[in-house]
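Undergrad:
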Amino acid sequence: MSPMITSILILSLATGTIITMASFHWLLAWMGLELNTLAILPIISESHHPRATEASTKYFLTQAAASSLILFSSVMNAQATGQWSILQLEDPLAQTLLTVALAMKLGLAPAHFWLPEVLQGSSFKTGLIIITWQKLAPMTLLLLTWNQTSMLTLMMMGSLSVAVGGLGGLNQTQLRKVIAFSSIAHLGWMATIITKSNKLALLNLTMYILISTPMMLSLIFSSTKTTQDLTTTWTTSPMLAPLTMMTLLSLGGLPPLSGFMPKWLTLEELLAQNMAPLATVLAVSTLLSLFFYLRLSYSLSVTLSPSPTKISSKWRLKPNTPTLPLSIALPPSILALPLTPLMKP
Numbered sequence: 001m002s003p004m005i006t007s008i009l010i011l012s013l014a015t016g017t018i019i020t021m022a023s024f025h026w027l028l029a030w031m032g033l034e035l036n037t038l039a040i041l042p043i044i045s046e047s048h049h050p051r052a053t054e055a056s057t058k059y060f061l062t063q064a065a066a067s068s069l070i071l072f073s074s075v076m077n078a079q080a081t082g083q084w085s086i087l088q089l090e091d092p093l094a095q096t097l098l099t100v101a102l103a104m105k106l107g108l109a110p111a112h113f114w115l116p117e118v119l120q121g122s123s124f125k126t127g128l129i130i131i132t133w134q135k136l137a138p139m140t141l142l143l144l145t146w147n148q149t150s151m152l153t154l155m156m157m158g159s160l161s162v163a164v165g166g167l168g169g170l171n172q173t174q175l176r177k178v179i180a181f182s183s184i185a186h187l188g189w190m191a192t193i194i195t196k197s198n199k200l201a202l203l204n205l206t207m208y209i210l211i212s213t214p215m216m217l218s219l220i221f222s223s224t225k226t227t228q229d230l231t232t233t234w235t236t237s238p239m240l241a242p243l244t245m246m247t248l249l250s251l252g253g254l255p256p257l258s259g260f261m262p263k264w265l266t267l268e269e270l271l272a273q274n275m276a277p278l279a280t281v282l283a284v285s286t287l288l289s290l291f292f293y294l295r296l297s298y299s300l301s302v303t304l305s306p307s308p309t310k311i312s313s314k315w316r317l318k319p320n321t322p323t324l325p326l327s328i329a330l331p332p333s334i335l336a337l338p339l340t341p342l343m344k345p
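Position 282 of the sequence shown, counted from 1, bears residue number 282 in UniProt numbering, the numbering being contiguous throughout.
1) Check whether the segment 109 to 124 touches the segment 200 to 214, counting contact only when three or more Cβ pairs, one atom from each stretch, lie closer than 8 Å.
2) Are the CB atoms of L202 and L265 within a distance shorter than 8 Å?
3) Grab the span of the alpha helix (DSSP H) containing K105 for me, first residue to last.
4) Would you mind working out which of W189, R51, Y59 and S23 sits nearest I86, comparing C-alpha positions?
5) Identify, in the order they occur along the chain, each residue of the same chain with its Cβ nearer than 7 Å to the Cβ of L287, setting aside the five sequence neighbours on each side.
6) May I have the straight-line CA-CA distance separating A163 from E268, to the nearest angstrom?
7) Does the contact criterion of 3 or more C-beta pairs under 8 Å hold for the segment 164 to 177 versus the segment 218 to 231?
8) Kindly indicate the opening and closing residues of the alpha helix (DSSP H) around N204.
9) Just the Cα atoms here: how many angstroms apart are S182 and A29?
10) For I184 versus G165, is the C-beta distance shorter than 8 Å?
11) Check this for me: beta carbons of M76 and L102, under 8 Å apart or not?
12) DSSP state of Q228, grouped into three classes?
13) Which term fits T37, buried or exposed, when burial requires 16 or more other beta carbons within 10 angstroms of its beta carbon?
14) When you compare the CB positions of L251 and L330, do they come within less than 8 Å of one another, or not?
15) Can you tell me where the alpha helix (DSSP H) with G343 in it begins and where it stops?
16) Please say whether M190 and L205 have beta carbons closer to each other than 8 Å?
17) Pick from F291, S301, P256 and Q273: whose alpha carbon is nearest that of A336?
18) Who does S85 pair with in a DSSP beta bridge?
19) Under DSSP, the alpha helix (DSSP H) around Q174 begins and ends at which residues?
20) Rounded C-beta distance between L33 and S67? I'm assuming under 8 Å.
21) What three-state label does DSSP hand W146 in the structure shown?
22) How big is the Cα-Cα spacing for T340 and M261?
23) Under DSSP, the alpha helix (DSSP H) around Q120 begins and ends at which residues?
24) State buried or exposed for A52, treating a residue as buried only when at least 16 other CB atoms are found within 10 Å of its CB.
25) Write down the C-beta distance between L69 and A39 rounded to the nearest angstrom, noting that I regard them as a contact closer than 8 Å.
26) Quick check: what's the CA-CA separation for L35 versus Q134?
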């Protein structure tokens, strides 16, 4: 793909997200979401591989169905109340429809089946866009309507997503599918706490993006696609292997790393709201996710490949990918826990 076309697509992607984030009218929000979807499709199918084409088709069908539901719920609300404002969603059926539509957009269980398949058919760079930037527009709509959406539906979907994300990643060897199930589990935390504290949901989203970005950049840098590939990461960069391991553990929420902060504050808020059973379900389900993060960390740090690479000092060669973004993104993904007192709502 030529640089000019790539620039136009990235600009359209950013414009669609900004339109949705800045809008207070349902039609404008829907238009931004559609622009966002249409811009990402050529990026997903750029490699012309059958799996990439399949991934872009699945992404299009899912996102188009979710956008149709959003438009349908806004029309129902306009018919019942006579206005199109996002902040005044009063019709109960429209609220439930919008909740389901945004859950489908984000990839919350049980509408999560598209996310692992789309990520597996995409490149790591495209996957990074899908699990970070593409979550901003639907999460903004969820944050704008957090007190108008169906709270019971969101909490059930959130707790189910944490469990499904943990169970789904257990038997995977493809790292993109592991990342997809990890994304589903983290979105479950956001959906659960957004009904009680939208500030904590925003903190969860911010920390997830801050940790996922360096992790994906590390995998791009070392050209790692499977669990077995992790065993040769040290040959590419001896320093990157332990840093990637800490980023993975941070994503799992292991103290004293950055990823522990949003989970700690979320559980604290749920206990303060007398929701101990839900907090227990989330904490136990997170152990499943932590297990496969530990398994990946084990492969990365203390396992040698059964077929060692012929060049044992690849780290001497000049890397093909820029290292500055990775260098900037790694420290906050590991060392942000001391900022916890400033983050309390």
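Note that CB positions come from ideal geometry on N, CA and C, so glycine has one too.
TA: Per the coordinate set shown:
1) No, the segment 109 to 124 is not in contact with the segment 200 to 214.
2) Against a cut-off of 8 Å, the Cβ pair of L202 and L265 comes out as no contact.
3) K105 -> alpha helix (DSSP H) spans P92 to L106.
4) For the residues W189, R51, Y59 and S23, the minimum Cα distance to I86 belongs to S23.
5) If you ignore the 5 residues before and after L287, its C-beta comes within less than 7 Å of no other C-beta in its own chain.
6) If you take the alpha carbons of A163 and E268, they lie about 19 Å apart.
7) These segments touch.
8) Per DSSP, N204 belongs to the alpha helix (DSSP H) from N198 to F221.
9) Going from the Cα of S182 to the Cα of A29 covers about 27 Å.
10) Judged by beta-carbon spacing, G165 lies within the 8 Å limit of I184, meaning their Cβ atoms are closer than that value.
11) No, the pair does not count as a contact, with Cβ atoms beyond the cut-off.
12) When secondary structure is reduced to three states using DSSP, Q228 falls in the helix class.
13) Counting the other CB atoms within 10 Å of its CB gives T37 a total of 16 or more, which places it among the buried residues.
14) Contact flag unset, no.
15) The amino acid at residue 343 is misidentified as Gly; the sequence shows Met. Counting along the chain, the unbroken alpha helix (DSSP H) around M343 starts and ends at T340 to M343.
16) Yes. Within cutoff.
17) Taking the Cα of A336 as reference, the smallest distance to any Cα among F291, S301, P256 and Q273 is reached at P256.
18) Note: S85 sits in a beta bridge opposite H25.
19) Taken as a continuous stretch (DSSP letters only), Q174 belongs to no alpha helix (DSSP H), as it is neither H nor E.
20) Right, the Cβ-Cβ distance comes to about 5 Å (below 8 Å), so this counts as a contact.
21) The answer is coil: DSSP assigns W146 none of H, G, I, E or B.
22) Those two C-alpha atoms are separated by around 6 Å.
23) From DSSP, the alpha helix (DSSP H) with Q120 extends over W114 to Q120.
24) So A52 ends up on the buried side.
25) In this structure L69 does not touch A39 by the C-beta definition: roughly 21 Å separates them, more than the 8 Å allowed.
26) Straight-line Cα distance between these residues: approximately 12 Å.
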